[in-house]
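Asks: The following block contains the structure, expressed as structure tokens.
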Amino acid sequence: MTGAATTYDDYFQRALDGLKADGSYRHFAELERQAGRFPKAYHHGMGREVTVWCSNDYLGMGQHPSVLSAMHASLDHSGAGAGGTRNISGTNHEHVELERELADLHGKEAALLFNSGYLSNWATLGTIAARMKDCVVLSDAANHASMIEGIRHSRAEKQIFRHNDVADLEARLKALPRDVPKIIAFESVYSMDGDIAPIEEICDLADRYGAMTYLDEVHAVGLYGHQGGGVAEQRGLSHRLSVIEGTLGKGFGVVGGYIAGSAALCDFVRSFASGFIFSTALPPMIAAGALASIRHLRGSQDERERHQARVAYLRAALDRAGIPHMDNPSHIVPVMVGDATRCRALSDLLLSRFGHYIQPINYPTVARGTERLRITPGPLHSTADIDDLVAALAALWQEQGMAAAA
Ligand SMILES: *Cc1c(COP(=O)(O)O)cnc(C)c1O
């Protein structure tokens, strides 16, 4: 190895040592998911099967028979990859069908697929905020990194409004010139606290002050609304949003991201967004799997009902055991720990002693002092799974001298 290379590696290593010293270094669990056995998975580090409690495959659609058979059929029919970027031979029939389905799901004229939800936020906000002259983006303080990076990339003026605070948002809108383009960027279900935005009030403000609305429904699509169209669908507000953005990788159980909006907006992003144009399209089998998942969830209430019932059961069991968890109206159950080292220790003990896998959520994903175990129970967790988890948490809470919930 050359001297220069060693110096560079020293730099990388020092930065990593810094992460390790403050407890924010990320350790990956090496899992082997086993279709048909979700939420169980084989944990290679532990050499045993564990129960997964922190998956964003919220409804278990990643093992759903109709999704798997659509993917097998498409793989056999069309082969492995798309064959190119969307513009250069990569647009397969499945992509077009999926975009039509997504537009219909959200009651919009059009939709546009991306290789991930991250990319859809980054590319869409990055493109429209950059290209509309004097555009100002009003961004919720708790927005996801993909929106933040897209806004940053656009170099447009950004104003961060207090999380879910319509008064702060209105004061900022009021202070801006009437004729500059404005985009309000926010989420429906926030992934770490599980709280939900006041979507209707934000749409009212957008109308009053002439702003566009950009709603990230990543943690809601598939899960909320009569057809799985998200919280906007559930509240009858889909038509009031300029853009609804979602993922195919969480509730829908596959991978990919999208926006749904007007035909002009989607065509604009299709035509100007570098992150859309210059990247190989998703494999047709992915589009086929996502399409099967969406169609299934549009027609079936079963997964959503069982999901909500499991969430309610877990919350009640935690309450009985005195385990403090953040109250919210969604399916995300944050068990509050409040200390990075302790959070990791609890996670390690849950895994090694009880076979329950919950990734600790520490800074910088959440603020210091709010470290937590973020639990996402799903329709495939049994009552016995939940009872067993809560008993394990209760045992650890007592053993570690942790405060019980009031
Ligand atoms: C996960 C996530 C994304 C990114 O979606 P992917 O499909 O995983 O890239 C976007 N927004 C929010 C709020 C997320 O939690």
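So the sequence shown is numbered by this note's numbering: it starts at 12 and just counts up by one.
Here a beta-carbon is modelled for each residue, glycine too, at the ideal position from N, C-alpha and C.
Since the structure is predicted, the reported quantities are computational estimates derived from the model, not experimental observations.
Are LEU70 and GLY267 close, meaning C-beta to C-beta below 7 Å?
Replies: Not closer than 7 Å, so no.
Asks: Counting beta carbon pairs with one atom in the stretch 86-100 and one in the stretch 58-72, are three or more of them shorter than 8 Å?
Replies: Contact fails: fewer than three Cβ-Cβ distances are below 8 Å.
Asks: Measuring CB to CB, does VAL147 end up less than 7 Å from VAL191?
Replies: Taking 7 Å as the Cβ cut-off, VAL147 and VAL191 qualify as a contacting pair.
Asks: Based on the DSSP output, what are the partners of THR258 in its beta bridges?
Replies: Answer is GLY268.
Asks: In chain order, which beta strand (DSSP E) runs of at least 3 residues are fully inside the stretch 94-168?
Replies: Counting whole runs of 3 or more residues, the stretch 94-168 contains the beta strand (DSSP E) stretches 121-125, 147-151.
Asks: What residue range is occupied by the uninterrupted beta strand (DSSP E) comprising GLU43?
Replies: Taken as a continuous stretch (DSSP letters only), the beta strand (DSSP E) holding GLU43 covers 42-44.
Asks: Buried or exposed, going by whether 16 or more other CB atoms sit within 10 Å of the CB of VAL401?
Replies: Per the 10 Å Cβ criterion, buried.
Asks: Thinking just about the alpha-carbon of each residue, which of ILE139, ASN67, GLY260, HIS106 is nearest to the one in LEU124?
Replies: Of the listed residues, the one whose Cα sits closest to LEU124 is HIS106.
Asks: For TYR53, which three-state DSSP category applies?
Replies: Looking at TYR53 - three-state DSSP - the assignment turns out to be strand.
Asks: Any heavy atom of ligand 1 closer than 6 Å to the beta-carbon of VAL229?
Replies: Checking the Cβ of VAL229 against ligand 1 gives yes.
Asks: Count the C-beta pairs between the stretch 318-334 and the stretch 402-410 that are closer than 8 Å, then say yes if the count reaches three, no if not.
Replies: In short, these stretches touch, since the Cβ pair count reaches three.
Asks: Mind checking GLU410: buried by the 16 CB within 10 Å criterion, or exposed?
Replies: Classification for GLU410: exposed.
Asks: Decide if the stretch 166-179 is in contact with the stretch 203-210; the criterion is three or more beta carbon pairs, one per stretch, under 8 Å apart.
Replies: Enough Cβ pairs lie closer than 8 Å, so yes.
Asks: Around the C-beta of PRO295, are 16 or more other C-beta atoms found within 10 angstroms, so that it is buried, or is it exposed?
Replies: Answer is buried; the Cβ neighbour count reaches 16.
Asks: Looking only at C-alpha atoms, which of ASP215, ALA395, ASN67 sits nearest to TYR324?
Replies: Nearest of ASP215, ALA395, ASN67 to TYR324, Cα basis: ALA395.
Asks: Indicate the three-state DSSP secondary structure (helix, strand or coil) for PHE39 in the structure shown.
Replies: Here PHE39 sits in coil by DSSP.
Asks: If you drop the 5 nearest sequence neighbours on each side, which residues of the same chain put their C-beta closer than 8 Å to that of LEU79?
Replies: Within the same chain, LEU79 has close Cβ partners ALA46, GLY300.
Asks: For MET72, I'd like the list of residues in its chain whose CB is within less than 8 Å of its CB, leaving aside the five on either flank, ordered along the chain.
Replies: VAL78, GLY233, GLY262, PHE263, GLY264, VAL265, SER304, HIS307, LEU308, GLU314, listed in sequence order.
Asks: Pull up the distance between the alpha-carbon of ARG37 and that of LEU360, whole angstroms please.
Replies: Approximately 17 Å between the Cα atoms of the pair.
Asks: Is it the case that the CB of HIS155 approaches a heavy atom of ligand 1 more closely than 6 Å?
Replies: Yes; taking the cut-off as 6 Å, the Cβ of HIS155 has a heavy atom of ligand 1 nearer than that.
Asks: So, under 8 Å CB-CB, LYS119 and GLY241 are touching, yes? Tell me the CB distance rounded to an integer number of Å.
Replies: Contact flag wrong, Cβ pair sits at about 12 Å.
Asks: Please indicate yes or no: does the CB of TYR36 lie closer than 6 Å to some heavy atom of ligand 2?
Replies: Looking at this structure, you won't find ligand 2 anywhere; what it does contain is ligand 1.
Asks: Using the rule of at least 16 other Cβ atoms within 10 Å of the residue's Cβ for burial, across every protein chain shown, is THR135 buried or exposed?
Replies: Flag for THR135 reads buried.
Asks: Counting only runs of 3+ residues fully inside the stretch 57-94, write out the beta strand (DSSP E) ranges in chain order.
Replies: DSSP runs (the beta strand (DSSP E)) wholly in the stretch 57-94: 59-63.
Asks: Return yes when at least one heavy atom of ligand 1 lies under 6 Å from the C-beta of GLU198, else no.
Replies: Because some heavy atom of ligand 1 lies under 6 Å away, the Cβ of GLU198 counts as near it: yes.
Asks: If we call anything under 7 Å between Cβ atoms a contact, is MET203 one with VAL377?
Replies: Closer than 7 Å, so yes.
Asks: For LYS193, collect the residues of the same chain with a Cβ closer than 6 Å to its Cβ; drop the 5 residues on either side in sequence, then sort them by chain order.
Replies: Excluding sequence neighbours, LYS193 sits near VAL147, ALA222.
Asks: Does the Cβ-Cβ distance between PHE49 and LEU391 come in under 7 Å?
Replies: Cβ atoms of PHE49 and LEU391: closer than 7 Å.
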